[in-house]
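A.B. asks: Just so you know, our numbering puts the end of the sequence shown at 310, numbered straight through with nothing missing.
From the three backbone atoms N, C-alpha and C, an ideal C-beta is built for every residue, glycine too.
Shown below is the structure under consideration.
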Amino acid sequence: MNLSRQLQRLALNEDINFLLTNRVPRAALTRFMGWFSRIRHPWVRDASMAVWRTFTDIDLSEAKKTSFHSLHDCFVRELKPGLRPVDPRPEVLASPCDAIVGACGRIGDDPGAQVFQAKGFPYPLTDLLGPDPRARAMIDTLRGGSYVTLRLTSSMYHRFHAPAALALEHVTYHSGDTWNVNPIALQRIERLFCKNERAALHARLADGTPLLLVPVAAILVASMRLRAVDVALNAQYRGPHELPCDARYDKGEEMGWFEHGSTILVFTPPGFALCEGVDTGHRIRMGEALLRRVAAAG
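Put into structure tokens, the structure is as follows:
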């Protein structure tokens, strides 16, 4: 077994992984990496990418660019055109990103609209979204609906796209911590998504159906960029947390990107179901079928 495989295997040890990625000064480390990853020096870039390759299975053959100015430039890379065909069926919501499916299923009918971050670790949407009237109205709409957790690893394509033709009407930014969002942390830290930096994207499909996407940031380069909001949403952001917008997207059109791997939570009201094969551990690519409309009973 080569050194790279040995190091990857070591990193998967639960106790070591948790210690290395969570029992550290997360905020300080994240700020440092945000600065360091942008250094445009060939030696820094090459050494950083060599370390990155050692711990991940990154494949840059799909990247639109063949060379990168910095580690950050590689993180936010675009893909060659045509590599992510989008499911064209109007009743299907496509995956907004490349990801590994985490917890998924039905949103609870209880007052908090309970969902799960991992088996045995529930969290209420009331904690995730907050107490403001817009959040409460969205939660009332989502009870009894469906949710999917989409985890992006550090080596994946980090941009996310519209799962259907939609209008993005409002963004609520929640500043927070930068816990790692890998399965090891999700099985140890209660209500982790409710603690981390995140943005609630309130959208509406072409027929008026509400849709909620919640990108959640994590340790290291914890920053999100949205096409509809011309600022970086990160720990240094000091602007308003309520960001009205009126941006329209075609199905598959890019909505934004993470500046490192993280998670997107997808929530739909009743009337949608998981597509065949979508279950915990399933690897999915942007554009593939994620959720579908189902006929009303009766």
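For the segment 197-211 and the segment 125-141, state whether three or more C-beta atom pairs, one from each stretch, are separated by less than 8 Å.
C.D. replies: Touching, yes.
A.B. asks: Assuming the contact rule is C-beta atoms closer than 8 Å, residue 164 and residue 274 should be a hit. Round their C-beta distance to whole Å, please.
C.D. replies: Their Cβ separation, rounded to whole angstroms, is 6 Å, which keeps residue 164 and residue 274 in contact under 8 Å.
A.B. asks: By Cβ distance below 6 Å, which residues in the same chain neighbour residue 159 in space, the five residues on each side in sequence not counted?
C.D. replies: Closer than 6 Å at the Cβ level, and outside the excluded window around residue 159, lie 119, 127, 279.
A.B. asks: What does a CB cutoff of less than 8 Å around residue 216 pick up in its chain, not counting 5 residues either side in sequence?
C.D. replies: Excluding residues within five positions, the ones whose Cβ falls inside 8 Å are 178, 179, 181, 222, 223.
A.B. asks: Could you tell me which uninterrupted alpha helix (DSSP H) segments, each at least 4 residues in length, are contained entirely in the segment 123-148, listed from first to last along the chain?
C.D. replies: Segments of the alpha helix (DSSP H) lying fully in the segment 123-148: 137-141.
A.B. asks: Please go through the same chain and pick out, in chain order, the residues whose beta-carbon is closer than 8 Å to the beta-carbon of residue 121, but skip the five residues on each side of it.
C.D. replies: So the qualifying residues of the chain are 155, 156.
A.B. asks: Where does the unbroken alpha helix (DSSP H) through residue 84 begin, and where does it stop?
C.D. replies: Start and end: 83-87.
A.B. asks: Does residue 211 come out as helix, strand or coil in the three-state DSSP assignment?
C.D. replies: Note: residue 211 maps to strand in three-state DSSP.
A.B. asks: Find the nearest neighbour of residue 8 within the set 225, 173, 78, 97, judged by alpha-carbon distance.
C.D. replies: With the chain covering 13 to 310 only, the question about residue 8 has no answer from this structure.
A.B. asks: Give the straight-line distance between the Cα atoms of residue 190 and residue 140, rounded to the nearest whole angstrom.
C.D. replies: About 15 Å.
A.B. asks: Just the Cα atoms here: how many angstroms apart are residue 307 and residue 117?
C.D. replies: Straight-line Cα distance between these residues: approximately 18 Å.
A.B. asks: Using DSSP's beta-bridge definition, name the partner residues of residue 189.
C.D. replies: Looking at the DSSP assignment, residue 189 forms a beta bridge with 208.
A.B. asks: Using the Cα positions of residue 22 and residue 66, report the straight-line distance between them to the nearest angstrom.
C.D. replies: Because residue 22 sits at a pLDDT of 43, beneath the cut-off of 50, its placement in the model cannot be relied upon, and the following sentence gives the value as read from the coordinates. Straight-line Cα distance between these residues: approximately 12 Å.
A.B. asks: Using only alpha-carbon positions, find the residue among 267, 240, 115, 146 that is nearest to residue 286.
C.D. replies: Of the listed residues, the one whose Cα sits closest to residue 286 is 115.
A.B. asks: Expressed to the nearest angstrom, what Euclidean distance is found between the alpha-carbon atoms of residue 111 and residue 71?
C.D. replies: Those two C-alpha atoms are separated by around 14 Å.
A.B. asks: Give the list of continuous alpha helix (DSSP H) stretches no shorter than 4 residues that lie fully inside the segment 233-271.
C.D. replies: Whole alpha helix (DSSP H) segments, 4+ residues: zero.
A.B. asks: Where do the ends of the alpha helix (DSSP H) carrying residue 195 lie?
C.D. replies: Segment 195-198, the alpha helix (DSSP H) holding residue 195.
A.B. asks: From the DSSP output, read off the bridge partner residues of residue 280.
C.D. replies: Note: residue 280 sits in a beta bridge opposite 158.
A.B. asks: Which same chain residues, not among the five before or five after residue 91, have their C-beta less than 7 Å away from its C-beta?
C.D. replies: Closer than 7 Å at Cβ, skipping near neighbours: 74, 75, 76, 169.
A.B. asks: What does DSSP give as the partner residue(s) for residue 227 in the beta ladder?
C.D. replies: 276, per the DSSP bridge assignment.
A.B. asks: Out of 57, 108, 104, which has the shortest C-alpha to C-alpha gap to residue 295?
C.D. replies: For the residues 57, 108, 104, the minimum Cα distance to residue 295 belongs to 108.
A.B. asks: How big is the Cα-Cα spacing for residue 220 and residue 113?
C.D. replies: Their backbone Cα atoms lie some 27 Å apart in a straight line.
A.B. asks: Measuring CB to CB, does residue 193 end up less than 9 Å from residue 226?
C.D. replies: No, they are not a contact pair.
A.B. asks: Grab the span of the beta strand (DSSP E) containing residue 98 for me, first residue to last.
C.D. replies: Counting along the chain, residue 98 falls outside any beta strand (DSSP E), and DSSP gives it neither H nor E.
A.B. asks: Using CA coordinates, which residue listed in 175, 125, 267, 259 is at the minimum distance from residue 151?
C.D. replies: Cα-wise, what sits closest to residue 151 is 125.
A.B. asks: With DSSP collapsed to three states, give me the class of residue 153.
C.D. replies: Here residue 153 sits in helix by DSSP.
A.B. asks: Mind reading off the beta-carbon distance from residue 264 to residue 106? Whole number of angstroms is fine, and I expect it under 8 Å.
C.D. replies: Sure, about 7 Å apart at Cβ, within 8 Å.
A.B. asks: Quick one: what's got a C-beta closer than 8 Å to residue 293's C-beta in the same chain, skipping five residues either side?
C.D. replies: Taken in chain order, the residues that qualify are 112, 113.
A.B. asks: Taking only three categories from DSSP, how would you classify residue 65?
C.D. replies: Three-state result, residue 65: helix.
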